[in-house]
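The numbers in full-length UniProt numbering rise by one with no breaks, and the one at position 88 of the sequence shown is 88.
Here is the structure we will look at, set down as structure tokens.
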Amino acid sequence: MVPIVQSPLRRLAASRALRHVPLADALRGGIICTVPALLAATLHVPLLSWSAIAAFWTCFADPGGRRRTRLAFALSFGLAGSLASGVASWSGEWPALTVVLAAVVGFAGAFSSVGGPKIGLPALLLATAFGVSTAFGGHDFVHATRYAAYFLYGNLWAIGFGVLLWRGDDCAPARRGVAACFVELSDLAFELSQCTAMRHAEGVSPADTHGAIRARVRTRLEAVGDVLLTVSYERPSTRVRAWQAIELASTAEQAFVALVGLDDLLAPDMACVMPRQPRALVSSVLFETAEVLKQIALCCNSASLALPGELAQQLVRLDMAIGQLEACGSGASSLPQEEFNVTALAAVVSRVRSAIGQAHTVLRASEPVGSAAASSDGTTQQSSWRSFRSQLAVNLNGESSWFRYALRVALAGAISVGLVQRFTPNHGYWLILTTFFTIRPNFAATLTVSAQRVGGTLMGAVLAAALGFLIHSPLLLAILVLPLSVGTLAGRAVSYVFYTLFLTPHFILVAELGQPGGSELVLALMRMLDSILGAALALAISFLVWPHWERHRIAHVIAAAIEANARYLTRSLWAAAAGAHSGMPLADLRRSACVATDRMEASIERMRVEPNADARREIEAKAVIAALRRTIGAVTLIELSVATAGAPSSGARIGAFAKWVDDEMARSAAALRGDTFVPNRSSQDGPPPMLDRSIPISMQHTLQRISSGVETVRQIALRDGGNAKANTAVAHDGVEPSHPG
């Protein structure tokens, strides 16, 4: 098996992405895509194939959430797509005008990505619809009007069936998102259980595995937070589920914080000195925790509010395991507390159990409790549009990476449309479509997506050719659009390769219905050739035209992550020094620190695939990530009030330690950016302030781990600072657009 296929399969098995496939939504979209194809085959109206594509793109651009929001969004998309299709088809008589318009529309579609995927994805689809329509120029207004009308027909059919007739659960996306969070939490607890059971004598550190799972959990939590903004809290039929989704997301965050604290307490350097009995008990507790979290995920994703009996039984087993651990901790007075604190471990485990108990209470509730409520639809939409306009204004300059990306898309769209206009190849619109869908904001992402798209297209083309060889009836081919379109829409949640694997035969069969009389084998070969040419064009433009190199901005990304972590560290330390753990808001700072660290890791992964990647910088950046995650885990214990300041006299020493952390992290960030660090008057160079016995053992252990992480970051930053050549391009900090592929 070729490596391009092996790698996605390995990642698929590791991520278990099939657990999160929205099959009901995929089936709905499959029916929507199939009906126009069946009508095209039975009524012999080729333009209905364009309606099938319009219906598919309408499903793809569906933002989810409340029905009236989806209806307004889909209607706007249909009207804009109809206008773009008609204008593109009408302008075909003037090739120069067509190329200019393709560049303008491509720029607008790509630049809209500054508003996030909910705006960027439909905008890019509209730009693609314009580009594809230029390949079907009719040179008269009547043809252009018909072409626009059939796009609108497909859009209206998708709205009528998918939004108005298909009475789905409005809370289903939120429930799936929350369930995915608990599944990832279960994976983290299970990995901690397995690593605790081992003695780590082999010298294999689980830090990378735990870091990857922690990043996945944080990604899920961020995604479900966005989905919850669209949940309807007004309809009585969905009020309980909406409240449950909001509360369960909150408990998932609490469980995640506690598990991160356990990850720190069970680090290899700490677990290696843990006595055998506590290690076995902790492993058992974590295993039972993983099972309970997995059962909660099943309850979240269930269509019934009834709790299964298995959850109650698993909670009993978990409580028994926790009781044994607490008994071990209370009788551990003879254990060397300077080496390992079993009591602190039991305290963090109790926090995990508390979060699980809250989730259990929420699942059992039949009516909303408390004042939790989702944001109103109007307020959310107005805030979203204000933010979008603000981002447009900020990034409308030559230093913005999003502005440069939009220029590259405009150039790619103009060249691809110009090539098709000049040489009029058979099904040349596939070249345009591939170019729009593969070019990304940076070279690394473009290279990765191009390789995945070409690999998926090759496999999908073989499948389409086989289907065409075995089946010759247009009606049967139209029926086959159903499983292929379901696979296409479901494949989005699996991987890009699987998405393109189903997308290719799906579009080939639709193209055959739109231009009957051709050979599926010829269509498959043309699809492969156009995909390769489109990917090559996207790569060439990303490489040559104002390229975005991750290695030029990695220093700024690392510095931003250090600063975000420093804010969380110092605020938590000052809270501990003041003895007011609950009086200072730490959740937002913790979230920002985790997101910045995960963003730094993603930046490193992109840098790896760039030409002339700096291997030394990659190794050192990964060391910084590991150090930052260790410090986050350690300071989480302070946030959980497990590590306390103890006597009031120790508050001054912890405050001095917080000043030292703030100075050292600021010094590290300044070194990476090439700035001059100006210390405060009270700053002192050298090691952190000495700790004394007035500080409890648990807090001493926590501060020592923080000190170790801060010093590691400082050493790497100062060593790299002299050679850092950071690019000053302004980049939007939002999520990259979710391209349709």
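Heads up, the beta-carbon is just placed ideally off N, CA and C, and yes, glycines get one too.
Fair warning: this is a prediction, and the values are worked out from it, not measured in the lab.
Look up residue i in the DSSP assignment and say whether it is helix, strand or coil.
{"i": "S283", "result": "helix"}
{"i": "T42", "result": "helix"}
{"i": "S582", "result": "With a pLDDT of only 46 at S582, under the threshold of 50, the placement of this residue in the model should not be trusted; the figure read from the coordinates follows. In the structure shown, S582 sits in coil (DSSP, three-state: anything other than H, G, I, E or B)."}
{"i": "D598", "result": "helix"}
{"i": "L640", "result": "coil"}
{"i": "A365", "result": "coil"}
{"i": "W166", "result": "coil"}
{"i": "D614", "result": "coil"}
{"i": "C171", "result": "coil"}
{"i": "W157", "result": "helix"}
{"i": "W546", "result": "coil"}
{"i": "A374", "result": "Confidence is the limiting factor: at A374 the pLDDT is only 45, short of 50, which leaves the residue's position unreliable, though a coordinate-based value still follows. In the structure shown, A374 sits in coil (DSSP, three-state: anything other than H, G, I, E or B)."}
{"i": "W94", "result": "coil"}
{"i": "L229", "result": "coil"}
{"i": "A72", "result": "helix"}
{"i": "N395", "result": "helix"}
{"i": "A587", "result": "helix"}
{"i": "I695", "result": "coil"}
{"i": "G65", "result": "coil"}
{"i": "H628", "result": "The sequence as given places Leu at residue 628; His does not occur at that position. Note: L628 maps to helix in three-state DSSP."}
{"i": "M198", "result": "coil"}
{"i": "R492", "result": "coil"}
{"i": "N565", "result": "helix"}
For residue i versus residue j, is the C-beta spacing smaller than 8 Å?
{"i": "T504", "j": "A464", "result": "yes"}
{"i": "V362", "j": "T251", "result": "yes"}
{"i": "T424", "j": "G534", "result": "no"}
{"i": "G86", "j": "T128", "result": "no"}
{"i": "F256", "j": "L221", "result": "yes"}
{"i": "S668", "j": "A717", "result": "yes"}
{"i": "G456", "j": "T500", "result": "yes"}
{"i": "A26", "j": "A615", "result": "no"}
{"i": "F130", "j": "W50", "result": "no"}
{"i": "F56", "j": "S485", "result": "yes"}
{"i": "R241", "j": "R175", "result": "yes"}
{"i": "L509", "j": "L477", "result": "yes"}
{"i": "I654", "j": "A560", "result": "no"}
From the DSSP output, read off the bridge partner residues of residue i.
{"i": "G519", "result": "In the sequence on display, residue 519 carries Ser and not Gly. Beta-bridge pairing links S519 to no other residue."}
Suppose you measure from the CA of residue i to the CA of residue j; what does that come to, to the nearest Å?
{"i": "I432", "j": "A249", "result": "41 Å"}
{"i": "V292", "j": "A578", "result": "36 Å"}
{"i": "D140", "j": "S133", "result": "14 Å"}
{"i": "V217", "j": "G30", "result": "30 Å"}
{"i": "A189", "j": "Q314", "result": "15 Å"}
{"i": "V394", "j": "E563", "result": "22 Å"}
{"i": "residue 760", "j": "A74", "result": "Since the displayed the chain opens at 1 and closes at 741, residue 760 lies outside it and no answer follows."}
{"i": "D662", "j": "R567", "result": "8 Å"}
{"i": "P36", "j": "P46", "result": "10 Å"}
{"i": "N426", "j": "P547", "result": "32 Å"}
{"i": "C594", "j": "V522", "result": "50 Å"}
{"i": "E512", "j": "T98", "result": "26 Å"}
{"i": "A461", "j": "L525", "result": "7 Å"}
{"i": "E618", "j": "L672", "result": "14 Å"}
{"i": "A212", "j": "P611", "result": "25 Å"}
{"i": "Y405", "j": "I697", "result": "53 Å"}
{"i": "G418", "j": "G81", "result": "21 Å"}
{"i": "L637", "j": "G261", "result": "6 Å"}
{"i": "C33", "j": "L83", "result": "21 Å"}
{"i": "A96", "j": "W430", "result": "20 Å"}
{"i": "G154", "j": "S401", "result": "35 Å"}
{"i": "Y147", "j": "A72", "result": "23 Å"}
{"i": "W157", "j": "G468", "result": "28 Å"}
{"i": "E601", "j": "D264", "result": "19 Å"}
{"i": "P336", "j": "A587", "result": "Note that P336 scores 49 on pLDDT, short of 50, meaning its location in the model is unreliable and no value can be drawn from it."}
{"i": "A245", "j": "C299", "result": "11 Å"}
{"i": "N397", "j": "E550", "result": "20 Å"}
With a threshold of 8 Å, are at least 3 pairs of Cβ atoms found where one atom belongs to the segment 100-113 and the other to the segment 413-433?
yes
If we count Cβ pairs, one from each stretch, closer than 8 Å, do we get three or more for the segment 313-329 versus the segment 281-290?
yes
Would you be able to state if there are at least three C-beta pairs under 8 Å between the segment 511-521 and the segment 38-56?
yes
Do the segment 89-99 and the segment 394-411 make contact, defined as three or more Cβ pairs closer than 8 Å?
no
Answer yes if the segment 621-629 comes into contact with the segment 699-717, meaning at least three C-beta pairs across the two stretches below 8 Å, and no otherwise.
yes
Would you call the segment 467-474 in contact with the segment 537-544, where contact means no fewer than 3 C-beta pairs closer than 8 Å?
no
For the 8 Å Cβ check, are there 3 or more pairs between the segment 116-123 and the segment 170-181?
no
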